[in-house]
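Visitor:
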Amino acid sequence: MSAVQTVPPALSVPVRSQSSQAQTAEHPVAIDVHGLNFYYGPKRALENINIKIPSKLVTAFIGPSGCGKSTFLRTLNRMNDIIAGTRVEGKVLIEGDDIYGPGTDVVALRRRVGMVFQKSNPFPKSIFENVAYGLRLNGMARNRADLHARVEESLRAAAIWDEVKDRLHDSANALSGGQQQRLCIARALAIKPEIVLMDEPASALDPIATQRIEELIYQLKTQFTIVIVTHNMQQAARVSDRTAFFWLGKLIEEGPTDRIFTNPGEKLTEDYVTGRFG
Amino acid sequence: MADRLIPHFQEELEQLKTRLLEMGGLAEDRVRSAVKALVQRDAPLVDRVIAGDAPINQLHIEIDSRCFKLLALHQPMAVDLRAIVAAVKINTDLERVGDLAINIAEAVRRYMRHAPVKELIDIPRMADIAQRMLRNALDAFVRRDTELAHGVLNEDDTLDALKTQVFRELLTYMLQDPHTIEPSLDLILISRHLERIGDHATNVAEDVIFMVSAKDVRHHAAEVVDSGQAKS
């Protein structure tokens, strides 16, 4: 017997996006997704996703394991391209540009849409070099002093400067897990992306390091559009402005976080946030 | 951007406290105005007190909504959880104080249709005590000061005694001259409203003690105060 029987049947699920009021003059649409389907070989992992993600806010994707939230996140900077046998239908517009349109420069796209992963993955280099690497690669520093200034700015933005300023040339691997993750965030911020995607950025960290990352996310939204995937519903509640609930590859509901967690529009969302399944 | 991270939950908790203090200030101000209108027989001031309930009602709704969101989105624990639950209850108490100020103003309006029964001494004293209790209870909330909160609990007895005194004194006037019955009843009602305001301040103080020390002193406050003093 499969565990699927414990959740409501898929056919009864209405697909609804309530994101029509997501954008405001202050927070125009940064990512506009139309009719997105995603396939791993013959298996459809995402089904007709429509969502508008506003800029300079934190949007969280929640849902049970296998609901498609990480897959969807990775479609936003074409990170799924590297997986063989995958296929995308529909449109993902970033600031109006269709990122699956012909002629898209994927490297340039990933510069605009940075990513932070579940497991911190610093380069086996010094703390300084981890941040300087992307700046050099993209020719973003005019000279040595400018490079130093940009590295410092990024480390400060990721709230790790005070902890590493006296040991910038030590190996990044000597840092704690939480520090490594903030270093990876600094590395992502250094090349000034418009959007930062975060895939379970705190799930491998202890509660104190998690709290630091959460506060960091909350502060970064003044400068960046942030999309975060988390299996931790409470984390989504604490850090995000908008929350999207995914279930079995469908976007069930999207809206302001306080509404999703206090008065969701869909029974499925309510069942999930109250812990009745998932 | 700051290197140091201040959890935004703590900031929101501070904002909640600021709004509660604003609400307390408004409620206290309305009680003061209502009693001032009585002493000075100021009809326009009576009207202003009766008409001006909207800001308190708006804050009542806003504070509840803030508490609701903080509970839902931050899953507070321990002292933070107790602080938000206390805020919900204090909010209700303050809203009731605002309503009682209106009740006082309505009684003042009726009272002013008659000649003064007597010089007012105890009612202004009661108003001073009730306002002080309210102010101290809110200060105790903000400063997490259980000693100040216990002081509020002790003052409630003084307020109750004054209410009884007002009643006895006015009873003699009513017995002597039936014409004074109607205005005297309004003064008795006003003293009753002020005593109720003291009760709400007491509730706030009890919530503060629970918030700070997780001790429930309701319904047996005196024992806890006594045992607390015996220890020190």
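Residue numbers (our numbering), protein chains in the order written: chain B, -15 to 262; chain Y, 35 to 266.
Each residue gets a CB set at the ideal place from its N, CA and C atoms; glycine is no exception.
1) Return helix, strand or coil for Y:V251, following the three-state DSSP convention.
2) Quick check: the Cα distance between Y:A203 and Y:D179, rounded to an integer number of angstroms?
3) Leaving aside the five residues before and after Y:R116 along the sequence, list all residues of the same chain whose C-beta is less than 7 Å from its C-beta, in chain order.
4) Quick one: list the residues of chain B neighbouring Y:P41, beta-carbon separation under 7 Å, in chain order.
5) With a cut-off of 8 Å, does the C-beta of B:F245 fall near any C-beta of chain Y?
6) Closer than 8 Å by beta-carbon distance: list the chain B residues that pair up with Y:I182, in chain order.
7) Rounded to whole angstroms, what's the CA-CA distance from Y:L60 to Y:H253? Just pull it up for me.
8) Helix or strand or just coil, what does DSSP make of B:G19?
9) For a quick check, are the C-beta atoms of B:G74 and B:H18 less than 8 Å apart?
10) From B:G161 to B:A186, what distance separates their C-alpha atoms?
11) Per the DSSP calculation, B:T274 is bridged to which residue(s)?
12) Please compile the residues from chain Y whose C-beta is within a distance smaller than 7 Å of the C-beta of B:T267.
13) Leaving out the 5 sequence neighbours to the left and right, which residues in its chain are closer than 7 Å to Y:A239 when beta-carbon positions are compared?
14) Between which two residues does the beta strand (DSSP E) containing B:D183 stretch?
15) So, helix, strand or coil for B:S187, using DSSP?
16) Take Y:A139 as the anchor and find which of Y:K51, Y:D127 and Y:G86 has the nearest alpha-carbon.
17) Taking the C-alpha atoms as reference points, what is the distance between B:S1 and Y:L54?
18) Excluding the five sequence neighbours on either side, which residues of its own chain have a C-beta within less than 7 Å of the C-beta of Y:E62, listed in chain order?
19) Could you say which of Y:S225, Y:E56, Y:V176 and Y:V131 lies nearest to Y:V267 if we only look at CA atoms?
20) Which residues in chain B have a C-beta closer than 8 Å to the C-beta of Y:K103? List them in chain order.
21) Under the three-state reduction of DSSP, which class applies to B:A228: helix, strand or coil?
22) Have a look at B:R243, B:G249 and B:F208 and flag the residue whose alpha-carbon is nearest the alpha-carbon of B:I15.
23) Looking only at its own chain, which residues have a Cβ that is under 7 Å from the Cβ of B:G25, when we skip the five neighbours before and after it?
24) For the region 209 to 226 of chain B, list every residue whose C-beta sits within 8 Å of some C-beta in chain Y, in sequence order.
25) Express the C-alpha separation of Y:D81 and B:T43 in angstroms, rounding to a whole number.
26) Can a CB atom of chain Y be found closer than 8 Å to the CB of B:Y202?
27) Going by alpha carbons, who is nearest to B:A228 out of B:A29, B:R166, B:R120 and B:I33?
28) Tell me the residue span of the alpha helix (DSSP H) that contains Y:F43.
29) Short check: CB of B:K269 to CB of B:K40, under 8 Å?
30) Going by CA-CA distance only, name the one from B:C168, B:E238 and B:I66 that's closest to B:P108.
31) Looking at the structure shown, is Y:M160 part of a helix, part of a strand, or coil, going by DSSP?
32) If contacts are defined as beta-carbon pairs under 8 Å, then Y:D190 and Y:T126 qualify, I think. What distance do you get, rounded to the angstrom?
33) So, is Y:H227 buried or exposed, given that buried needs 16 or more other C-beta atoms within 10 angstroms?
34) Per DSSP, B:K75 is paired with what?
35) Using 8 Å as the threshold, is the C-beta distance between Y:S218 and Y:K197 below it?
36) Does DSSP put Y:G232 in a helix, in a strand, or in coil?
Guide: To lay it out plainly:
1) The answer is coil: DSSP assigns Y:V251 none of H, G, I, E or B.
2) In the sequence under discussion, the amino acid at residue 203 of chain Y is Glu, which differs from the Ala named in the question. Between the alpha carbons of Y:E203 and Y:D179 lies a gap of roughly 37 Å.
3) Taken in chain order, the residues that qualify are F244, M245 and A248.
4) By Cβ distance, chain B contributes Q195 and E199.
5) Closer than 8 Å: yes.
6) One point to set straight first is that residue 182 of chain Y is Leu, not Ile, in the sequence displayed. Residues of chain B passing the Cβ test: none, with the nearest at roughly 32 Å.
7) Rounded to the nearest angstrom, the two C-alpha atoms are 28 Å apart.
8) The three-state secondary structure of B:G19, taken from DSSP, is strand.
9) Going by C-beta atoms, B:G74 is nearer than 8 Å to B:H18.
10) Taking the CA atoms as reference points, B:G161 sits about 10 Å from B:A186.
11) The displayed coordinates of chain B run from -15 to 262. Any statement about residue 274 of chain B would go beyond what the structure contains.
12) The requested residue 267 of chain B is not part of the displayed model; chain B covers only -15 to 262.
13) Only A171, A174, A183, V186 and L187 meet the Cβ criterion.
14) Per DSSP, B:D183 belongs to the beta strand (DSSP E) from I179 to D183.
15) In the displayed model, B:S187 falls within coil according to three-state DSSP, outside both helix and strand.
16) Shortest Cα-Cα distance from Y:A139 to any of Y:K51, Y:D127 and Y:G86 involves Y:G86.
17) Caution is warranted here: a pLDDT of 46 is assigned to B:S1, below 50, making its placement in the model unreliable, and no coordinate value can be reported.
18) Only Q165, L168 and R169 meet the Cβ criterion.
19) Since the displayed chain Y opens at 35 and closes at 266, residue 267 of chain Y lies outside it and no answer follows.
20) Listed along chain B, the residues sitting closer than 8 Å to Y:K103 by beta-carbon distance are D242 and T246.
21) Shown here, B:A228 sits in a strand according to DSSP, grouped into three states.
22) Closest option to B:I15, Cα to Cα, is B:F208.
23) Contacts found: G69.
24) The residues in question are Q218, A221 and R222.
25) When rounded, the distance between both Cα atoms is 49 Å.
26) Taking 8 Å as the threshold, the shortest C-beta distance from B:Y202 to chain Y falls below it.
27) Looking at the Cα atoms, B:I33 is the closest of the given residues.
28) Boundaries of the alpha helix (DSSP H) harbouring Y:F43: H42 to Q74, taken from the DSSP string.
29) Since the first residue shown for chain B is -15 and the last is 262, residue 269 of chain B is missing from the structure and cannot be characterised.
30) Considering only alpha carbons, the answer is B:C168.
31) Three-state result, Y:M160: helix.
32) At roughly 18 Å, the Cβ-Cβ gap does not stay under 8 Å, so Y:D190 and Y:T126 are not in contact.
33) Y:H227 should be labelled buried.
34) For B:K75, which the question treats as bridged, DSSP gives the partners B:H18.
35) Contact flag unset, no.
36) If DSSP states are grouped into helix, strand and coil, Y:G232 belongs with the helices.
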